[in-house]
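Notes for the one structure printed next.
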Ligand SMILES: CC(C)(COP(=O)(O)OP(=O)(O)OC[C@H]1O[C@@H](n2cnc3c(N)ncnc32)[C@H](O)[C@@H]1OP(=O)(O)O)[C@@H](O)C(=O)NCCC(=O)NCCS
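Numbering (my numbering), first residue to last: 195 to 375.
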């Protein structure tokens, strides 16, 4: 499947999402290991919900940029990374990401975040990028910290995560001047 690559990395690249990807994403979004640390972990998705989501992100490109994370070499879709709530007036946006389980632990998320930061700072000319992590999600905190994000604060016992109870939400941020490129 031909797919325009937006930014190429060493292990993964950020590329344009296809409508044909939606079926795979629908299966992944319903996987409780993936959902657990995402917003609304209890949520169950129908294929039609995902198609509507695809149309929404396609139409609201100014507000959200969502990239397919592609494995270099195989060109397989491995996950998604999104830049959300883009606020051009204040020069900030939030990032969120997930990878399919088969691809965890290979450094893919770390590199996808690195590429996304480049897109945020060099292509969107933002001044700040932020992210929220549920405290038990140590892998995600590590991904952000490896990319230079700092812990700005926390919301205590802010969300309920299945099998964890109420957990803190960690607020991470990275200013453009602290970004190592
Ligand atoms: C979080 C997630 C994106 C990480 O993806 P990944 O590709 O495995 O991440 P990377 O391999 O780039 O880096 C993970 C790092 O966390 C570390 N790590 C993994 N599990 C850990 C744990 N339980 N405790 C501490 N560190 C852990 C890894 O060792 C690695 O660090 P290292 O490179 O220094 O060894 C992936 O697990 C995922 O998609 N989870 C479900 C969705 C999700 O949580 N999204 C983020 C919401 S904020």
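Every residue, glycine too, gets a C-beta built ideally from N, C-alpha and C.
To which residues does DSSP link residue i through a beta bridge?
| i | result |
| --- | --- |
| residue 369 | 322 |
| residue 207 | 202, 264 |
| residue 360 | 354 |
| residue 349 | 363 |
| residue 274 | 262, 292 |
| residue 344 | 367 |
Shortest alpha-carbon distance to residue i belongs to which of the options?
| i | options | result |
| --- | --- | --- |
| residue 350 | 341, 320, 361 | 361 |
| residue 209 | 306, 331, 371, 337 | 306 |
| residue 359 | 371, 292, 329 | 329 |
| residue 345 | 337, 367, 353 | 367 |
| residue 373 | 336, 342, 226 | 342 |
Could you give the distance in angstroms between the alpha-carbon of residue i and the alpha-carbon of residue j?
| i | j | result |
| --- | --- | --- |
| residue 203 | residue 281 | 26 Å |
| residue 253 | residue 268 | 29 Å |
| residue 289 | residue 312 | 12 Å |
| residue 287 | residue 259 | 10 Å |
| residue 326 | residue 365 | 5 Å |
| residue 309 | residue 215 | 21 Å |
| residue 402 | residue 196 | Residue 402 cannot be examined here, being either before or after the span of the chain that is shown, 195 to 375. |
| residue 247 | residue 371 | 34 Å |
| residue 232 | residue 340 | 20 Å |
Helix, strand or coil: which one does DSSP assign to residue i?
| i | result |
| --- | --- |
| residue 256 | coil |
| residue 374 | coil |
| residue 218 | helix |
| residue 286 | strand |
| residue 279 | strand |
| residue 232 | coil |
Taking the runs of the alpha helix (DSSP H) that are 4 residues or longer, which of them lie wholly in the segment 290 to 335? 302 to 312
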